[in-house]
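>
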């Protein structure tokens, strides 16, 4: 054990995928093999790191031997571990799905390009995500969000279709604007505090320049998280990418900027209730607008993408509770909702991709007019819907319960009502495709139940199943989450 | 010393086979039937063993923490046993019926998977040791029953399914908020004999009152209390065995059972009386009883008439709970079982009429007694029991309810029960009259009933068995282990001070 303990698992979680990205770019023929090797190593690192943190509390590593404020500190606490674990879980299953989607057996120029570039981009993305979750200074975070954005935009336009290009351009615009705002904030904060690490900045919280910096960051991160009304780029970008890419973009990429916002909120700035209320109201707007659009759209993937807007909005309600006595519970709920959304939404995008692949279209109105029913993908979609709606025993249920509990403890019934409305909305829009799956009287030919079983059905099914039952393990997840008290001491 | 294995095993007999049933190819009908029947039979055996042990004083329970401070908790208390016994016996019978009913029909893998899940949910609801666990299974029940309701996949079925889902999910959401509020307010959601709200009700009666209203509203949807009842008559588009199970054990009973748990074991009957919530609840139940019966009078569709009758009959349970008299409580609990036996008989019989003769409406029932004597005998017994003819099961529950009404000083209950019985007679007796005493070729529905198809023993035997149970439950009401005897055992616990 002692020699294992001497290995720097923490830094490896960032560098293993980075090395993999470079290697798979250099040897495109071997990309899937290199990709899986690098994923396996990364997963091992995350597991070992988690074991370390669970056994001995937060792990801090100073790169190059200098600690903050001079050097670069990497840290893994409970919150970081939960995010890393979530990323790894979703990443592994999506990779399995990608292996099939982009397999050499499938023809076409589009497919060949995907096979070439998917792995380097995805591993680069993973490196950026992991890096963000262990960073402890804002400049490092800036670098990570740029890496993430670069890889994410690449994944968006990977299909090479015109609509994807357009969507990718929009996404790039939003993303660069967000990063620019973030960079300005970093500069401002550095001028004010002379330091870039969280602890150093926290000492200056409340100073006017710092509040300005925070406001800039808030807008920048809201853009990247697609928080209403800055969500304009999301639906098209997520709907036009290939299924595995959409799963990564929606499941993981958005969570990184949301995580950074959360981290800043609790660890550095602790802004007043007015800003919290604003974010909460933006979230409410997202719940309403995202749901309305999901109810109106004609395409399955767009529906799933709009539901992301609504779900992210619901998570942001937690910010409105940040300075109440319900804060601790609400934050726990928000993190659980992030994890639940990552897992379930990845499953749902993969399932939607499978459905489109099997039936040849993704028009919601025509889902019941085909006699081909990709049952397993539909089942996965339904299971994922259970978690997104927040029915027990899903992780979504546990998260929503805690969020509502936080609101109730704070006596803020308005947010309870928002969560209830979000639930009802999600039932309404998600039942649109689900009803199509179950309707048989409009199909021209007799409906077949099983339209072949493919390996690609397994990842969405597994992810959806995990999402649907992991609410039962909520207390264990929270146990890990609370290591190092990321949300401050319990009041 | 708590024993943990048995409750889990009972839950597992229905939950564990779900993945198996889903994965089984459509054509392996024989294997599917074997799995279903074996699991159902094992469960009846386990439940019998559990009842015996619990009556001897053994305590069964199992729990683990799910959310900070909140546990997933199963316990086999006598009240739970009452409900599991009902569901396990009727599951076995309904499974046999379903196998016969769906022979060669499409999507059987899906059907039996969700059917099993639905039964697992009722077991969980019965054994839930706190309101949180109850909620988990209450929602699971919604998810599991929806695909059964829309099983036929037609436009009408989907419309019914949508209404069903809107009602039950909204009800579930209200219950969630109520449960959460209870948790925040009381720091516990445990079911405990005598309740746990005494201090809170004394300190902040207004909040406790509001909490009660929220919880009952959430549960009232599934219990089909007026004005939350509209889904029930619409949901009868489901296949006959599903309607049978929905009306007898699964959905409406889950609501009624939940009301029981909330009144007795969350608030405690004495606290509920002090809060002044029992009389309004009794009145709401009374209104539902009369309203359901009145609507049943005018329905020509057999299943719809039965559905409105369920709206009315299930509220007997709520009425008995709300009267806050131990005698009425015995009536309520006994009716939980008795109504299940009676109503499942009638729905299976109605299914047989539709399958065998194509008879779906009351006006087409002329002469069906001679053409399907076994089925109609069962139907007749159940209908007479519903009306309250001694010594059938329905009479026993009505007797205790009426005595309980007097005991609680609510004389109007007698009038209510008399009126309800008259109405029961008014909508059931014409059906029996047509079936036995009117010739087949007379009347408007003669065409509809022209064809005849033989039905197998799997369809004809189950209603006869449940009808026999109706007879036994009423006639031998005082025998040990009869529903009534067990009910007395439960009430003695709930009313212990």
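Residue numbers (the working numbering), protein chains in the order written: chain A, 395 to 885; chain B, 894 to 1390.
The beta-carbon is built from N, C-alpha and C at its ideal position, and this holds for glycine as well.
Source: prediction; values computed, not measured.
Any idea what DSSP makes of residue 1345/B, helix, strand or coil?
Numbered from 1 along the second chain, position 452 holds the residue referred to as residue 1345/B. Coil.
> Considering only the alpha carbon of each residue, which of 664/A, 764/A, 555/A, 734/A lies closest to residue 718/A?
Here residue 718/A refers to the residue found at position 324 of the first chain. Ranking the options by Cα distance to residue 718/A, first place goes to 664/A.
> Mind checking whether residue 739/A and residue 651/A have CB atoms under 7 Å apart?
Within the first chain, residue 739/A is the residue found at index 345, counting from 1. Within the first chain, residue 651/A is the residue found at index 257, counting from 1. In this structure, residue 651/A does not lie closer than 7 Å to residue 739/A by Cβ.
> In terms of DSSP beta bridges, what is residue 1254/B paired with?
Within the second chain, residue 1254/B is the residue found at index 361, counting from 1. Paired residues: 1194/B.
> Bridge partners for residue 966/B per DSSP, in chain order?
Along the second chain, read from residue 1 onward, the residue named residue 966/B stands at position 73. Paired residue(s): 956/B.
> Can you give me the Cβ contacts of residue 817/A inside the same chain, cut-off strictly under 8 Å, excluding the 5 residues immediately before and after it?
Here residue 817/A refers to the residue found at position 423 when the first chain is read from its first residue. Contacts found: 783, 784, 794.
> Measure from the C-beta of residue 1152/B to each C-beta in chain A and report whether the shortest distance is under 7 Å.
Numbered from its first residue, the second chain carries residue 1152/B at position 259. Taking Cβ atoms only, chain A never reaches closer than 7 Å to residue 1152/B, which makes this a no.
> Could you compute how far the alpha carbon of residue 814/A sits from the alpha carbon of residue 682/A?
Position 420 of the first chain holds residue 814/A. Position 288 of the first chain holds residue 682/A. Taking the straight line joining both Cα atoms gives about 12 Å.
> For residue 630/A, which option in 411/A, 610/A, 688/A has the closest C-alpha, if you only look at C-alpha atoms?
Along the first chain, one-based indexing puts residue 630/A at 236. Among 411/A, 610/A, 688/A, the Cα nearest to that of residue 630/A belongs to 688/A.
> Helix, strand or coil for residue 466/A? Go by DSSP, reduced to three states.
As a working note, residue 466/A is residue 72 in the first chain. DSSP places residue 466/A in strand when its eight states are reduced to three.
> Spell out a yes or no on whether the segment 710 to 724 of chain A and the segment 749 to 759 of chain A are touching, meaning 3 or more CB-CB pairs, one atom from each, closer than 8 Å.
no
> Quick check: what's the CA-CA separation for residue 736/A versus residue 811/A?
Translated into positions along the first chain, residue 736/A becomes position 342. Translated into positions along the first chain, residue 811/A becomes position 417. Roughly 24 Å between the two C-alpha positions.
> Taking Cβ-Cβ distances shorter than 7 Å, what residues in chain A pair up with residue 1032/B?
The residue labelled residue 1032/B in the question sits at position 139 within the second chain. Going along chain A in sequence order, the residues near residue 1032/B (Cβ under 7 Å) are 785, 786.
> Buried or exposed: where does residue 755/A fall if 16 or more other Cβ atoms within 10 Å of its Cβ makes it buried?
Looking up residue 755/A in the first chain gives position 361. It is exposed - the Cβ of residue 755/A has fewer than 16 other Cβ atoms within 10 Å.
> Rounding to the nearest angstrom, what Cα-Cα distance links residue 519/A and residue 690/A in this structure?
Against the first chain, residue 519/A aligns to sequence position 125. Against the first chain, residue 690/A aligns to sequence position 296. In a straight line, the C-alpha of residue 519/A is about 32 Å away from that of residue 690/A.
> So is residue 898/B buried or exposed if we call it buried at 16+ other beta carbons inside 10 Å?
If you number the second chain from 1, residue 898/B lands on position 5. Exposed: under 16 other Cβ atoms inside 10 Å.
> Please classify residue 1259/B: does DSSP put it in a helix, a strand, or coil?
Residue mapping note: residue 1259/B aligns to position 366 of the second chain, counting from 1. Three-state DSSP puts residue 1259/B in coil, outside helix and strand.
> Are any of the Cβ atoms in chain B nearer than 7 Å to that of residue 869/A?
Here residue 869/A corresponds to residue number 475 of the first chain, with the count starting at 1. Yes, because at least one Cβ of chain B sits closer than 7 Å to the Cβ of residue 869/A.
> Straight-line CA distance for residue 1257/B to residue 1347/B?
Stepping through the second chain from its first residue, residue 1257/B is reached at position 364. Stepping through the second chain from its first residue, residue 1347/B is reached at position 454. Near 18 Å, if we compare the C-alpha coordinates of residue 1347/B and residue 1257/B.
> Could you tell me which chain B residues have their CB closer than 7 Å to the CB of residue 795/A, listed as they occur along the chain?
As a first step, residue 795/A must be located in the first chain, where it is residue number 401. Within chain B, the residues near residue 795/A are 960, 1073.
> Which first and last residues belong to the beta strand (DSSP E) in which residue 456/A is found?
For the purposes of this step, residue 456/A is taken as residue 62 along the first chain, with counting starting at 1. Segment 453 to 457, the beta strand (DSSP E) holding residue 456/A.
> Give me the Cα-Cα distance between residue 426/A and residue 659/A, rounded to the nearest whole angstrom.
As a working note, residue 426/A is residue 32 in the first chain. As a working note, residue 659/A is residue 265 in the first chain. Looking at the two C-alpha atoms, the distance is approximately 39 Å.
> Based on Cα-Cα distance, which residue from 1176/B, 1238/B, 1215/B, 1223/B lies nearest to residue 1203/B?
Taking the second chain and counting its residues from 1, one reaches residue 1203/B at position 310. Checked all of 1176/B, 1238/B, 1215/B, 1223/B; the closest Cα to residue 1203/B is 1238/B.
> I need the straight-line Cα distance from residue 878/A to residue 869/A, nearest angstrom please.
Translated into positions along the first chain, residue 878/A becomes position 484. Translated into positions along the first chain, residue 869/A becomes position 475. Spanning the two alpha carbons is a distance of roughly 16 Å.
> Give the single residue among 493/A, 490/A, 699/A, 448/A whose Cα lies nearest to the Cα of residue 476/A.
For the purposes of this step, residue 476/A is identified with residue 82 of the first chain, where counting begins at 1. Comparing alpha carbon positions, the residue from 493/A, 490/A, 699/A, 448/A closest to residue 476/A is 448/A.
> Can you find a C-beta in chain B that's less than 7 Å from the C-beta of residue 530/A?
Along the first chain, one-based indexing puts residue 530/A at 136. Taking Cβ atoms only, chain B never reaches closer than 7 Å to residue 530/A, which makes this a no.
> If you draw a straight line from the alpha carbon of residue 863/B to that of residue 1025/B, how long is it in whole angstroms?
This structure does not reach residue 863/B, given that chain B is present from 894 up to 1390, and the question cannot be answered.
> Taking the alpha carbon of residue 1228/B as the reference point, which residue from 1064/B, 1146/B, 1187/B, 920/B has its own alpha carbon closest?
Against the second chain, residue 1228/B aligns to sequence position 335. If we check each option's Cα against that of residue 1228/B, 1146/B comes out closest.
> Which chain A residues sit within Cβ distance under 8 Å of residue 1070/B?
Numbered from its first residue, the second chain carries residue 1070/B at position 177. Correct list: 798, 810, 814.
> Can you grab the Cα-Cα spacing for the pair residue 1341/B / residue 1251/B, in whole Å?
Position 448 of the second chain holds residue 1341/B. Position 358 of the second chain holds residue 1251/B. In this prediction, residue 1341/B has a pLDDT of 49, which is less than 50 and means its spatial position is unreliable; nothing more can be read from the coordinates.
> Going by other Cβ atoms of all chains shown within 10 Å of its Cβ, with 16 needed for buried, is residue 968/B buried or exposed?
What you label residue 968/B is simply residue 75 of the second chain in a count that begins at 1. That one is buried.
> Can you tell me which of the three DSSP states residue 1097/B falls into?
Start at 1 with the first residue of the second chain, and residue 1097/B comes out as number 204. It is coil, neither helix nor strand.
> Between the segment 722 to 731 of chain A and the segment 786 to 801 of chain A, do three or more beta carbon pairs fall short of 8 Å?
yes
> In the DSSP output, which residue or residues are listed as bridge partners for residue 1021/B?
Working through the second chain from its first residue, we reach residue 1021/B at position 128. Paired residue(s): 967/B.
> At what residues does the alpha helix (DSSP H) containing residue 533/A begin and finish?
Taking the first residue of the first chain as 1, we reach residue 533/A at position 139. Residue 533/A -> alpha helix (DSSP H) spans 532 to 550.
> Quick one: is residue 834/A near chain B, going by C-beta distance under 7 Å?
Position 440 of the first chain, counted from the first residue, corresponds to residue 834/A. Taking Cβ atoms only, chain B reaches closer than 7 Å to residue 834/A, which makes this a yes.
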